[in-house]
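Undergrad: One structure coming up, written as structure tokens, with questions to follow.
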Amino acid sequence: MRITRKLKGTLFITVLISFFSTFVFSATLSLTKIGALDTAGKNYPEWWYTSTNTTLSGTAADGSQVSVKVNDAVNQVNVTSGAWSYTLAGESKDYNIEISQGAEKISFVLHLGQTLPDNISGGSSPQSEGVPETGYNQIIAISLGVGIILLASYFYFWGDLKKKTVFEARMIRED
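When you line the sequence shown up against the numbering used here, it's residues 1357 to 1531, in that order.
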């Protein structure tokens, strides 16, 4: 069975696009739990938690560090097996929390040791600012991927056809 040149090129480009869209376009930082509260992947500007001791946990790029800023104190947390956690033991008050890794950032106010006020029905609405800020690393990776695709296409489709014919003829004779 012989695969045509165009089909080979199309398959090659499809594999490259699939690879880059899978690994490049996804944000890696997330907050999954505040103590026993599952955040369900939502980022609200405010969270209420009735206990004064809690653990913030989530996911991030494996082997990296996550910065957890509680009011003015900045703490570095190591990420192991793609997960991180930070224990916050405080008093009953409001805490400005900022969790970041590279250009990714999650910010909210944590009302620790407090219950949800009666005048808020259904909780706060999620932050919706469109596409999450992913940083320059993804732009560089996309540019590199497009460059590789263009370069491979150039060499494959517009290379010296005479050399290719001679090479293929020699390969067929050796089989």
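Note that the Cβ used here is the ideal one computed from N, Cα and C, for glycine as well.
How many Å lie between Ile1498 and Leu1507 at the Cα?
TA: Counting from one through the sequence shown, the residue named residue 1498 turns up at place 142. Counting from one through the sequence shown, the residue named residue 1507 turns up at place 151. Cα to Cα, the separation comes out at about 14 Å.
Undergrad: Could you work out which residue in Ser1509, Tyr1400, Val1424 is closest to Ile1455 when comparing CA atoms only?
TA: The sequence position of residue 1455 within the sequence shown is 99, counting from 1. Nearest of Ser1509, Tyr1400, Val1424 to Ile1455, Cα basis: Val1424.
Undergrad: Taking the CB atoms as reference points, tell me whether Gly1397 and Ser1386 lie closer together than 8 Å.
TA: Counting from 1 along the sequence shown, the entry for residue 1397 is found at position 41. Counting from 1 along the sequence shown, the entry for residue 1386 is found at position 30. In this structure, Ser1386 lies closer than 8 Å to Gly1397 by Cβ.
Undergrad: Do Ser1448 and Gly1469 have their CB atoms nearer than 8 Å?
TA: Here residue 1448 refers to the residue found at position 92 when the sequence shown is read from its first residue. Here residue 1469 refers to the residue found at position 113 when the sequence shown is read from its first residue. Yes; because the gap between Cβ atoms is below 8 Å, this pair is in contact.
Undergrad: Quick one, are the C-beta atoms of Val1430 and Leu1444 less than 8 Å apart?
TA: As a working mapping, residue 1430 is identified with position 74 in the sequence shown. As a working mapping, residue 1444 is identified with position 88 in the sequence shown. Cβ distance not < 8 Å, so Val1430 and Leu1444 don't count as in contact.
Undergrad: Which stretch, first to last residue, makes up the beta strand (DSSP E) that contains Ser1542?
TA: Residue 1542 cannot be examined here, being either before or after the span of the chain that is shown, 1357 to 1531.
Undergrad: Return helix, strand or coil for Gln1316, following the three-state DSSP convention.
TA: Limits of the chain in this structure are 1357 at one end and 1531 at the other, which puts residue 1316 out of reach.
Undergrad: Look at the alpha carbon of Gly1479 and the alpha carbon of Ile1495, and state the distance between them as a whole number of angstroms.
TA: Along the sequence shown, one-based indexing puts residue 1479 at 123. Along the sequence shown, one-based indexing puts residue 1495 at 139. Note that Gly1479 scores a pLDDT of 47, beneath 50, so its modelled location is shaky and nothing firm can be said.
Undergrad: Report buried or exposed for Tyr1405, applying the criterion of at least 16 other Cβ atoms within 10 angstroms of its Cβ.
TA: Here the question's residue 1405 lines up with position 49 in the sequence shown. Classification of Tyr1405: buried, given that the 10 Å Cβ count is 16 or more.
Undergrad: In chain order, what residues of the same chain have a beta carbon less than 6 Å from the beta carbon of Val1467, not counting five sequence neighbours either side?
TA: Within the sequence shown, numbered from 1, the residue matching residue 1467 stands at position 111. Contrary to the premise, residue 1467 reads as His rather than Val in this sequence. Trp1404, Asp1450.
Undergrad: Name the one or two DSSP bridge partners that Ile1453 has.
TA: Taking the sequence shown and counting its residues from 1, the one referred to as residue 1453 is at position 97. Answer is Val1426, Phe1464, bridged to Ile1453.
Undergrad: Keeping to the same chain, check which residues put their C-beta closer than 8 Å to that of Asp1418; ignore five residues upstream and five downstream.
TA: Along the sequence shown, read from residue 1 onward, the residue named residue 1418 stands at position 62. Within the same chain, Asp1418 has close Cβ partners Val1435, Thr1436, Ser1437, Gly1438.
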